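Working notes for the structure below.
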Amino acid sequence: MAEPKSNEAMEKVVSLCKRRGFIFQSSESYGGIQGFWDYGPLGAELKRNVKELWWQTMTRLRDDVVGLDATIIMHPMIWKASGHVDTFSDPMCDCRITKRRFRADQVDPQSGIAYFYTGARDAITGKAMDEPFSVLVALGKPPESARKVATQFYTLRGLQQVELQGERSEPVKDSIRYNPENGALLTDPRPFNLMLKTYVGPVADEDNVAYLRPETAQAIFVQFKNVLETSRQSVPFGVAQIGKAFRNEVTPRNFTFRSREFEQMELEFFIRPDEAVEALYGSVARVDEGGWQKEPQPNWGWEVWHKYWVEQRVRFYEGIGLSRSTLEEYWQKPDELAHYARATVDILYKFPFGTQELEGIAARGDFDLTQHQKFSGKSTEVFEEDLKNAWGKLDDAKKQDLLARITAARRQALLKKGVAASEVDLLAATEAKTFVEKLAKGAYVPHVIEPSAGADRLILALICNAYAEEEVTDDKGKKETRVVMRLHPRVAPVKVGVFPLLKNRPELVSKAIAVRDLLRPHMNVFYDDGGAIGRRYRRQDEAGTPFGITIDFDTLGEKPELLDTVTLRHRDSMLQERVPIAQLLERILPAIR
RNA sequence: GCGAGCGUAGCUCAGCCUGGUAGAGCGUCACCUUGCCAAGGUGAAUGUCGAGGGUUCGAAUCCCUUCGCUCGCUCCA
49 MAEPKSNEAM EKVVSLCKRR GFIFQSSESY GGIQGFWDYG PLGAELKRNV
99 KELWWQTMTR LRDDVVGLDA TIIMHPMIWK ASGHVDTFSD PMCDCRITKR
149 RFRADQVDPQ SGIAYFYTGA RDAITGKAMD EPFSVLVALG KPPESARKVA
199 TQFYTLRGLQ QVELQGERSE PVKDSIRYNP ENGALLTDPR PFNLMLKTYV
249 GPVADEDNVA YLRPETAQAI FVQFKNVLET SRQSVPFGVA QIGKAFRNEV
299 TPRNFTFRSR EFEQMELEFF IRPDEAVEAL YGSVARVDEG GWQKEPQPNW
349 GWEVWHKYWV EQRVRFYEGI GLSRSTLEEY WQKPDELAHY ARATVDILYK
399 FPFGTQELEG IAARGDFDLT QHQKFSGKST EVFEEDLKNA WGKLDDAKKQ
449 DLLARITAAR RQALLKKGVA ASEVDLLAAT EAKTFVEKLA KGAYVPHVIE
499 PSAGADRLIL ALICNAYAEE EVTDDKGKKE TRVVMRLHPR VAPVKVGVFP
549 LLKNRPELVS KAIAVRDLLR PHMNVFYDDG GAIGRRYRRQ DEAGTPFGIT
599 IDFDTLGEKP ELLDTVTLRH RDSMLQERVP IAQLLERILP AIR
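Next up, the structure:
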C-alpha cells in the first residue's frame, strides 16, 4: 500500500486549506493540540454538504434505511460487549537500549540466566548511578555478554567508563520481560488506552468511568430493537448515523487523516441469515448472477448484499467527484479479517501521502447483536411470521440438509476461534440445533453489513482530488499559474460568486445585489466587488466556486438586446456565456443538486 | 511514548554559525483606478521571532525545558 511520498503536493494543499479557510489547527493560538482540527468557513460548508449528501443518499432517497442520532457517551458495558475495552488497551513496553517498542503480551518468552546489577560507577569521573538493570543471556553464554549489554545501558545514560556494581545471577524460564534481540530488560508495561476516558457525575472515581465512543456503530446495535419497533421497518433494513467519534491515537498523522476527534458516517444494514433466506425463497442469490448492480431482491444473502453496498458506496463517491480511477477496492484476505468479520472491503483513495482507507464495508455476521444480547441479557432477535410458516412447509430432507450445513459452518467458526478439537463437534451440534429451533419459530438474530466512512477523510480526499495548478497564458502572452479547486459543484462550499463589473458604479452594484438576493435562498452565494474582475474570478477558483456571475453595462441595457442578461463564467473551463437573469436558477440548480 | 529534523507577518522564506531590541515577496484592508480572467497608483495593518526559563549590559540568534509540525519506530479494534 505504500507509495512514494509527495510532501510537496500535500504541503500545497495544507497551505491552501489555511489560506482560504478550509481547515485550521485546533487551539492554534495556544500552541495547538495534536490530532484535533477545526473547519473554517469554507471547510464548514464543504463538510456540511458532504454529510447532507450522504444522509440524503443513504436514508431519504431509500425506503429501507432510517436515521439515528445517539449520544457520544454511553453505558461503559457497551464497550465491554463490543470488545473495545479489551482490544483498545494494549500494554506496551520498550527496550531500554534500542527503544524498540513491544506489545507486552506479544514478546517471545525467553529462558536462560538473568544477570542483575544494582547500578554502575564511572571510573573516570567517579559518578555513581544506582539505577538497577538486568540482562538475560541464553544458557551457556559467558557472563561477559551480559556485562557488555549492561555497559551499553549505563553508557547511554551518560557514564564514560562503566564499572558495573552488585552483579548477581539466577536462572529464568519463559520470561517476557526481556528483549529477545539483545536480552535487555524491558520497561514496565504501560497501558495504551485508545479510548478517551471521562467520568460521569461529580465524583471522578473508577465507578464513574465512561468512554467517548470510538465508533458510532455500537449505538445502532444497542438501539436496534427500539428502531425496529418504532420505524415500521422490517429486516432487511438499515440504520444510518453521522456523528463524532474519538480515538486516542498513538500517532495522529497526515493532516486531518488520522485525528483523535473525527466524524463517522455509518450504516448498519440488517439482513436475514442466509438460512432464513433459503427457507423463505428456496435458494440464495449468488454474486455471479450480477443482481448486486441492480435493485435489492428478497432472496439476497449476505454476499450479494455486501457486494451491493460496495457498489452503492463507490457510486456515491463518483457522484461527488471521486471517480473510480482515483479509488481502489481492497478485499481483505481471509487471514486479515477481524474475528467478527466474514468479509471486509476497504475503499481507498490515492492520497499524496499514500493510498489510504476512506471507508470499510464489513460483513459482520451476527457478532454485534449477539454480543449485546449476551451482555445486556435483552433479546436482539427478530420474529417473522412468514419465516415460521415457510420453515413448517420445508420437507425433512431440506431441514436435514440445512442443519448439516449450519453445523459444518459453526464447526469451522469455532475452530477458528480456538475451540479444542475434542469439544468442537458437540458444541457445533448444540449451537446449530438451537439456531435451527429458533428459525423454525421464525426467530433469528439479524446479520449486518456495515459501510463505515470517515467524513473528515472524505473531506481531505475531496480537497486533495480537487487541487489543481494549471498554466494560463494571458492576452499579452504572459504565463502564470492558476490554482483551482475542481470540487464537484454538489460539494463546493460556495456555489456561485456574484460580481458587479465595477464597484464605483452604483447601478452595477445594486443590480448585482439584486441578483445575489435572487439566488441566495437557493444556494450559498458569495458577493465580491473588490479589485479587478479577473482577480475576483481567481479568488473564487481557489475556493472551488463552480460559477461566477458578472453584472455589466449590457445587463443594464447599454445594448438593449442584452438587457437583464449576465456573464456566467465556468470555473473549470473558464468559458463565459451570456445568460438571462431569469434563467440563472434553471441553469445552476441542476448542477449543484 | 522513543529517535532525528524543523518552528520568524495570513502564506513562502531571509536573518541565527560570527548576540546589539526584525526584513523581503506574495497576500490582506481602505481609497483611487479598473469595461471580463490575479501583477496600476496612494496609503495602512500585521509578528511579545511557537511558549517558558537560563547565560549576558543586551537573545530571533547561545543553553535548558515544554508545546506543535514532519519523517522513522510503535499503534491503527
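Position 274, counted from 1, in the first sequence is what the working numbering calls 322; the numbers after and before it change by one each time, with no gaps. Idealized CB from N, CA, C, for every residue including glycine. Fair warning: this is a prediction, and the values are worked out from it, not measured in the lab.
Using a Cβ-Cβ cutoff of less than 8 Å, which residues in the same chain neighbour L632 once the five nearest sequence positions on both sides are dropped? Non-local beta-carbon contacts of L632 in its own chain, meaning distances under 8 Å to residues more than five positions away in sequence, involve V563, L566, L567, I597, V614, L616 in chain order.
Strictly by DSSP, which residues pair up with E211? Its beta-bridge partners are R169.
Nearest residue (CA-CA) to E519, options D620, A491, N347: Among D620, A491, N347, the Cα nearest to that of E519 is on D620.
For D434, I'd like the list of residues in its chain whose CB is within less than 7 Å of its CB, leaving aside the five on either flank, ordered along the chain. Contacts found: L328.
Assign Q209 to one of two classes, buried (16 or more other C-beta atoms within 10 Å of its C-beta) or exposed (fewer than that). Exposed.
Pull up the distance between the alpha-carbon of A232 and that of V183, whole angstroms please. A232 and V183 have their C-alpha atoms spaced approximately 5 Å apart.
Short of 7 Å in beta carbon distance, which residues of its chain neighbour A168, apart from the five on each side in sequence? Order them along the chain. If we look at A168 and ignore the five residues flanking it on each side, its Cβ neighbours are M177, Y202, L207, V210, E211, L212, Q213.
Can you give me the Cβ contacts of K128 inside the same chain, cut-off strictly under 7 Å, excluding the 5 residues immediately before and after it? So the qualifying residues of the chain are F423.
Less than 7 Å between the beta carbons of V539 and N97, yes or no? In this structure, the beta-carbon distance from V539 to N97 falls below 7 Å.
Between which two residues does the beta strand (DSSP E) harbouring M106 extend? No beta strand (DSSP E) holds M106; DSSP gives it neither H nor E.
With T278 as the anchor, note down where its alpha helix (DSSP H) starts and where it stops. That run of the alpha helix (DSSP H) goes 272–278.
Option in G545, E351, E326 with minimal Cα separation from E337: Residue E351 is the option with its Cα nearest to E337.
By how many angstroms is the C-alpha of A591 removed from the C-alpha of L90? Cα to Cα, L90 sits roughly 7 Å from A591.
Reduced DSSP category for S182 - H, G, I as helix; E, B as strand; rest coil: DSSP, reduced to helix, strand and coil, places S182 within a strand of the structure shown.
Indicate whether F574 and G545 have their beta-carbon atoms separated by less than 7 Å. Closer than 7 Å, so yes.
Rounded separation between N572 and P594 - CA only: Distance between the alpha carbons of N572 and P594 is about 11 Å.
Can you tell which of D112, I409, E59 has its C-alpha closest to the C-alpha of L396? When each option's Cα is compared against that of L396, the closest is I409.
C-alpha distance - L549 paired with R530, whole-angstrom precision: Within the model, the alpha-carbon separation for L549 versus R530 is close to 21 Å.
Under the three-state DSSP convention, the category T119 falls into: T119 falls in the coil class under three-state DSSP.
Would you say M313 and A503 are within 7 Å of each other, going by their C-beta atoms? For M313 and A503, yes; Cβs fall inside 7 Å.
Return the Cβ separation of L315 and E498 in integer angstroms, given the expectation that the two are a contact with Cβ distance under 8 Å. A Cβ-Cβ separation of about 7 Å places L315 in contact with E498 under the 8 Å criterion.
Following the continuous beta strand (DSSP E) through K673, name the residue where it begins and the one where it ends. It is not possible to answer for residue 673, since the shown part of the chain is limited to 49 through 641.
How would you write the range of the alpha helix (DSSP H) that A501 sits in, first residue to last? In the DSSP assignment, A501 falls outside any alpha helix (DSSP H) and within the unbroken beta strand (DSSP E) covering 495–502.
Measuring only the C-alpha atoms, how far is P569 from L94? Computed Cα separation, rounded: 18 Å.
Enumerate in chain order the residues of its own chain whose CB-to-CB distance from A452 is below 6 Å, with the five nearest sequence positions on each side excluded. Excluding sequence neighbours, A452 sits near nothing in its chain.
Any 3 or more C-beta pairs closer than 8 Å across the segment 483–491 and the segment 378–388: Counting C-beta pairs with one atom in each stretch, the segment 483–491 and the segment 378–388 have fewer than three that are closer than 8 Å, which means they do not touch.
Taking contact to mean 3 or more Cβ pairs, one atom from each stretch, closer than 8 Å, check whether the segment 261–271 and the segment 115–135 are in contact. Short answer: they touch.
For C141: DSSP bridge partner residues: In the DSSP output, where bridge partners are listed per residue, C141 has F150.
Once the 5 residues before and after Y585 are set aside, which same chain residues still bring their CB inside 7 Å of it? Result list for Y585: G596, R617, in chain order.
Using C-beta distances below 6 Å, list every residue in its chain close to A267, excluding the 5 sequence neighbours before and after it, in chain order. Same-chain partners within the cutoff: A118.
R301 in three-state terms, based on DSSP: R301: strand per DSSP, three-state reduction.
Beta carbon of A476: closer than 6 Å to some heavy atom of the ligand GTP? Here there are no bound small molecules, and the ligand GTP is not part of this structure.
Report all residues from its chain with a CB closer than 8 Å to the CB of S249; omit the five preceding and five following residues, and keep chain order. Here the sequence assigns Gly to residue 249, which means Ser is not the residue at that position. If we look at G249 and ignore the five residues flanking it on each side, its Cβ neighbours are N256.
Under a three-way DSSP split, which group does P219 fall into? Of the three classes helix, strand and coil, the one that applies to P219 here is strand, per DSSP.
Which of helix, strand or coil does DSSP assign to H618? Correct three-state label for H618: strand.
Just verifying my parser: in three-state terms, what is the DSSP assignment at Y585? Helix.
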